[in-house]
Structure formats: structure tokens, C-alpha cells
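Q: Just dropping this structure here.
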Amino acid sequence: MVCPVVLAIALDKVDLKKEEHGSVIPIIMLVVAAITLIAGICPFLICRFPSDRTESPRPVTRCLAPLSSAFLVALACWVHFIIFGKWSYPVIGAVFGLCFVIPTARYCYGNDAAAGGIRGHYSTLENSLEFSAGITALLFVGLEGLALEGQINKSDKATQGRLTKPLGASFFACVLGACLMLLETTPLLIKDRDIIKNQVIKVFDFLMTCAICLVMFFIMQELLMKIQALLLFAPPFFVLMVLVYNHAVANNAQNSENYEPAPLELTKVTFTGFLAVSIPSISKDSLNKGTHWFILLAALAIVSGLGWRQLTHYKSDSIKKAANVASFCTHLLIVIAAIPFTVMAGDALS
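Counted from 1, the sequence shown has number 189 at position 189 by UniProt numbering; the numbering is strictly sequential.
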């Protein structure tokens, strides 16, 4: 999540040595990004060592998990402040982040930190954490890409205006993702197993899906017509109609077989392509047809892929059929999106 920040500063892709920033700013931001990266990776390495208390957070991870999340929130606030120079968004984000970081840190140091859990509940949390981490990583790439575009075109007022909504949405989505990851990394939710039974974990996944869809909507709103941006909600609406139909005419029995959540690899690759094409296009006055259709089709494929992932969290037969439809739509849209992408590549070579 912080690698783009480290690369942008280390490769001197952003000019943070101007008078308004000071010469120390790049060094501090690079150090914070490096600490965030190390603090996020070390808990995973520590958990690879054997321990008698496999269900409880180790002393080092109790410190590193809140530290990594706090620095992620701080970096998001810092990036937004550098581009717009306003304290309103960073202050709101910092307060929101601290509301999650402080209680979680206090819990990890409390007497209840060794609360155990059932393996099935841990599996549910692991699947949700994998989803939240993947989406948050994509959101941070989007935030840093938008910030880099704003830094490059800082003198262009029109571009700055078009970046306002996408950057604001990306900022709040990143803060939300960092906070939800922190909650799912610590055993805070496993202490009360009724919370998991009440589907709060699935609500977290739904919030992350809404966050990334909101970011894409604002990007499309700046690039395409507003009515065309609303097409982003066409795949979920279609899958919902299929779900309602299956629920009405088919048997809605529960499937007791083991299930695996839908993979996110296609969605991640497509979203990366969406960002790579759409963000540089924000500073342009008009789009060619290839870019226009690729952005639209890629966004539809991403939303369909996220819906596919959400539906695979349930075991109902009717929902399983709707998930198959969402999977088909995702793959079909990606195949179609490859056509304008190929046209764009051909135009670039010519």
C-alpha cells in the first residue's frame, strides 16, 4: 500500500523540495512510509514462528498492528494535505482513524487479549481480512496515483478541480479500509462470537465494496457524462434481478458444502488498468473512443467482480446461481474491455 509512496519519493517523481514543503518533508515521508511497510510485514513473519498461544496476538504484533494502521491513516492524511493544503479532510480522517486505533490498541494490551475462538470464526475473519487488505491496497494505489497527477498538474486549476471529488473519496475510503483491517487483524471481534453470527463481518466487506465503487464513480463522473457514470450500478442491478428471480422460483435451500470465496486477482488487475488509463486522462480535455470504452467496460467488470465475491460468502442455492451469473458477467466484460485496450495499444505504437 505504501510502496508507491516510497517509489515516487525515492525515484524523485514528485517535487517535495519546494519552499512551501521544506527540504525535510521528503525524508520524513519516506521514513514514515518505510516504517509503515515494515510494521505491516513483521507481524506476518512473527506469526510464522511456533507458539503455544496460536489464538492470541503476540506482544510484538500487539504493538505493530495498531502502529501500521495509524501510519497508514497518517500517510493518507499527509498525501491529501500536500495536494490541496487544507486541514479539514486530514483532521476528519485522523479523528476517525484514532477512534479505531486507540480502542484496538487498548484491547490488545488488556487482559482479554488471549480470548480464543473457533477455527470457523477465524476462517471467516481471514477471508474478510484478505478482501479488505486487497481492496485497501487498491485504494491506496488509487489515492497515490491521483495525488501524483495532482502534484504534476499543480498549476492547472481545471485539473485540480476535477481531482477534488476523486481524491476526497479515495482518502476516506483508504482511512476506512485501514481501520477495518485493524479490527479484523486483532481478535477484537472474536471475543463476542454473536457479532460474527450477526453478519457484521459481511457488512465490513460490503462497506469496502461501496468504498471502491464510490471512488470509481467519481473518477468516471469527471471523465464521462454523469449519466454514463451511473452505468456503474448496472451489473449489481442485473445480478440483483437474477437473485430475486431465483429466490422466487427456485428452492432456496442452504448448501452445507464447503465454499471458497471468489478470487480477487482479475478484479485487482482490471482495477490497476482502470487507474492507469483513467487517472492520466483526468488532465486531458477529451477522451478518444478507445479510452472511453475501456474505462467504462473495466469499471463494469470491477463492480461485477466485487459482486461475485460478495455473493460467494453465502451458501444459499439461489445466491450461488446469482454468483455464477456475476462470474460470467465479470469474465465477459473483461474480454470485451480487452478490445478497446488493444486498440489503445495499437494507437500508441503507431
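Backbone N, C-alpha and C define an ideal beta-carbon position, used for all residues, glycine too.
Please list the terminal residues of the continuous alpha helix (DSSP H) segment that includes S304.
A: 289–311 is the extent of the alpha helix (DSSP H) around S304.
Q: In the DSSP assignment, find the unbroken alpha helix (DSSP H) run with L163 in it and report its ends.
A: Residues 157–185.
Q: Going by CA-CA distance only, name the one from L138, C99, I302, A345 that's closest to N288.
A: Checked all of L138, C99, I302, A345; the closest Cα to N288 is A345.
Q: Do the region 302–311 and the region 207–219 meet, that is, are 3 or more Cβ pairs less than 8 Å apart?
A: Contact between the region 302–311 and the region 207–219 is present, because at least three Cβ pairs lie under 8 Å.
Q: Does the region 224–232 touch the region 273–282, meaning 3 or more C-beta pairs lie closer than 8 Å?
A: Not touching, per the Cβ criterion.
Q: Residues in its own chain within less than 8 Å of M220 by CB, not counting five upstream and five downstream?
A: Excluding residues within five positions, the ones whose Cβ falls inside 8 Å are Q228, A229, L232, S278, I295, L296, A299.
Q: Using a Cβ-Cβ cut-off of 8 Å (strictly less than) and excluding sequence neighbours within five positions of F204, which residues of its own chain qualify?
A: S128, S132, L180, L183, E184.
Q: W78: which of W308, N153, V32, K320 sits nearest, CA to CA?
A: Considering only alpha carbons, the answer is V32.
Q: Any idea what DSSP makes of S318, helix, strand or coil?
A: S318 falls in the helix class under three-state DSSP.
Q: Expressed to the nearest angstrom, what Euclidean distance is found between the alpha-carbon atoms of I282 and L146?
A: Roughly 9 Å between the two C-alpha positions.
Q: Along the chain, where does the alpha helix (DSSP H) that runs through P235 open and close?
A: Segment 234–249, the alpha helix (DSSP H) holding P235.
Q: Does the contact criterion of 3 or more C-beta pairs under 8 Å hold for the region 231–245 versus the region 258–269?
A: As far as the Cβ criterion goes, the region 231–245 does not touch the region 258–269, which means the pair count is below three.
Q: Can you list, in chain order, the residues of its chain whose CB lies under 8 Å from that of E260, leaving out five sequence neighbours each side?
A: T312.
Q: So the alpha helix (DSSP H) S278 belongs to, where does it begin and stop?
A: 265–281 is the span of the alpha helix (DSSP H), which, as asked, contains S278.
Q: Can you tell me the Cα-Cα spacing of S170 and G161, whole angstroms?
A: Distance between the alpha carbons of S170 and G161 is about 15 Å.
Q: Is the CB-CB distance between I319 and L243 below 8 Å?
A: For I319 and L243, yes; Cβs fall inside 8 Å.
Q: On the criterion of 16 or more Cβ atoms from any shown chain inside 10 Å, does L167 qualify as buried, or is it exposed?
A: Buried, since its Cβ has 16 or more Cβ neighbours within 10 Å.
Q: Which same chain residues end up closer than 6 Å to A173 when comparing Cβ atoms and leaving out the 5 residues on each side of it in sequence?
A: So the qualifying residues of the chain are L139, A211, V215.
Q: Out of curiosity, what's the CA-to-CA distance linking A74 and K165?
A: If I take the Cα positions, the gap works out to 20 Å.
Q: Taking S68 as the reference, give the member of I41, I92, A94, F81 with the closest Cα.
A: With distances taken between Cα atoms, S68 lies closest to I41.
Q: Could you tell me if C270 is buried or exposed, where buried requires 16 or more neighbouring beta carbons within 10 angstroms of its beta carbon?
A: Correcting the residue type first, residue 270 is Thr in the shown sequence and not Cys. Buried is the call here.
Q: Out of N324, L176, S155, T342, point me to the one whose CA is closest to L72's CA.
A: Minimum Cα distance to L72 is reached at L176.
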